[in-house]
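Residue numbers (the numbering used here): 3 to 408. Ideal placement from N, C-alpha and C gives every residue a C-beta, glycine not left out. Computed from a predicted model, the values in this text were never measured in an experiment. Shown next, in structure tokens, is the structure this report addresses.
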């Protein structure tokens with residue numbers, strides 16, 4: 003998104019000499035996407051940003067995936083995963099994944115190590131509590147309802163700032179995450195029909211220069227193992243937060259879900275009306291409190307639908323989701339509705355919704371265009387009764403239980 007800004011101290015001309023008060027040169031780093039052909043920023047370091055004095059492997063949290071076989075809709079209760087002694091980087095638990103995206107969850111109580119994801123951008127939704135996200139660009143104060151969009155390879159760390167665990171739903175792409183292209187002008191400005199604009203984005207403060215030696219930076223990157231991922235810990239001779247200034251169009255930012263303006267109509271609007279971000283083969287939507295359909299014969303809850311091209315993942319993070327009342331879905335639930343399975347409202351919800359004028363619901367939806375497999379956290383938190391809720395909880399007599407099949 004070509005939204006230029008500058009912070010700290012920078013020289014009047016790029017790629018020219020820039021010296022500190024003692025006459026020593028600062029070191030210019032171009033952080034750019036798509037091989038110098040897309041958005042970028044220039045950062046000015048006190049020390050060499052490429053200096054490393056040691057490196058060792060980092061064993062990532064369990065990245066194993068199990069196929070959704072037999073193909074079933076599924077429900078996971080994330081709050082059953084527990085919390086305590088966890089940080090937002092090393093203790094993420096993998097829920098669902100495919101080559102394009104990995105969905106994880108963590109309830110963090112401790113500061114994380116310094117970290118960069120060299121695989122793709124991250125979009126992290128803060129379900130509850132508060133934290134300070136310290137980045138090489140400057141700090142961000144975040145809290146409930148915030149989406150934190152972190153560009154690939156940005157060095158940062160998460161520091162909880164309250165008494166309660168910071169509950170984070172992490173969307174880790176293998177690509178870049180941006181506003182939908184249809185919301186942007188050909189030059190990158192958010193257009194009038196976009197449900198949010200540049201004024202709604204919260205940006206970092208000025209960079210904070212820190213001193214230190216032999217600082218560890220955890221890095222997730224592409225690897226050759228079954229998951230295609232690997233981890234390395236680099237030891238930097240100087241603190242990675244040594245940037246005195248930067249400018250450009252690539253940087254972390256925050257959008258609060260309350261600043262997303264819902265689009266409504268006389269009849270039910272499809273999920274693209276709720277889209278907030280996109281990546282390669284993945285879209286992110288949110289469902290927020292809103293007036294609902296106002297045709298005199300409208301049925302406000304969604305019609306039944308088959309996602310023939312995508313898997314649909316819904317994270318229920320607030321309010322009261324009308325369509326699935328009675329299914330066991332609640333705060334902190336995730337539902338997986340795989341491509342090929344028709345899904346929709348809970349029995350009775352169709353009729354109950356008629357005449358409703360407002361829905362007080364909050365949910366983050368991720369749609370993928372390749373099938374999602376199950377991570378260890380999904381298996382650990384699954385509600386085995388969910389697939390049968392449209393049939394009143396009935397299962398075919400003698401049919402093998404899904405756990406037995408798995």
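Reduced DSSP secondary structure (H/G/I, E/B, other) of residue i
i           : result
residue 391 : helix
residue 59  : strand
residue 352 : helix
residue 183 : helix
residue 409 : The displayed coordinates of the chain run from 3 to 408. Any statement about residue 409 would go beyond what the structure contains.
C-alpha gap between residue i and residue j, whole angstroms
i           : j           : result
residue 156 : residue 229 : 22 Å
residue 318 : residue 69  : 23 Å
residue 246 : residue 9   : 9 Å
residue 24  : residue 47  : 15 Å
residue 88  : residue 112 : 6 Å
residue 336 : residue 79  : 7 Å
residue 222 : residue 163 : 25 Å
residue 408 : residue 98  : Caution applies to residue 408, whose pLDDT of 39 falls short of 50 and renders its modelled position unreliable; the model cannot decide the point.
residue 12  : residue 248 : 6 Å
residue 72  : residue 384 : 15 Å
residue 118 : residue 234 : 10 Å
residue 360 : residue 292 : 6 Å
residue 83  : residue 378 : 11 Å
Cβ neighbour criterion (16 or more within 10 Å) applied to residue i
i           : result
residue 338 : buried
residue 388 : buried
residue 403 : Interpretation of residue 403 is limited by its pLDDT of 46, a score under 50 that renders its predicted location unreliable; the figure taken from the coordinates is listed afterwards. Exposed.
residue 53  : exposed
residue 6   : exposed
residue 391 : buried
residue 348 : buried
residue 331 : buried
residue 231 : buried
residue 94  : buried
residue 214 : exposed
residue 55  : exposed
residue 263 : exposed
residue 123 : buried
residue 244 : buried
Unbroken alpha helix (DSSP H) run spanning residue i, endpoints
i           : result
residue 379 : 378-382
Where the beta strand (DSSP E) through residue i begins and ends
i           : result
residue 288 : 284-289
residue 335 : 335-339
residue 281 : 277-281
residue 206 : Unbroken run through residue 206: none, as it is neither H nor E.
residue 85  : Careful: residue 85 lies outside any beta strand (DSSP E) and carries neither H nor E.
residue 222 : 217-224
residue 125 : 124-130
For the structure I just gave you, are there three or more beta carbon pairs, one from the region 241-253 and one from the region 40-51, closer than 8 Å? yes
For the structure I just gave you, are there three or more beta carbon pairs, one from the region 353-369 and one from the region 301-320, closer than 8 Å? yes
When the Cβ atoms of the region 58-75 are set against those of the region 146-153, are three or more pairs found closer than 8 Å? no
Within 8 Å, do at least three Cβ pairs link the region 99-109 to the region 161-170? yes
Does the region 172-188 come close enough to the region 200-210 that 3 or more CB-CB pairs lie under 8 Å? Touching, no, given that fewer than three Cβ pairs across the two stretches are closer than 8 Å.
Does the pairing of the region 296-310 with the region 254-272 give three or more beta-carbon distances under 8 Å? Contact between the region 296-310 and the region 254-272 is present: three or more C-beta pairs spanning the two stretches fall below 8 Å.
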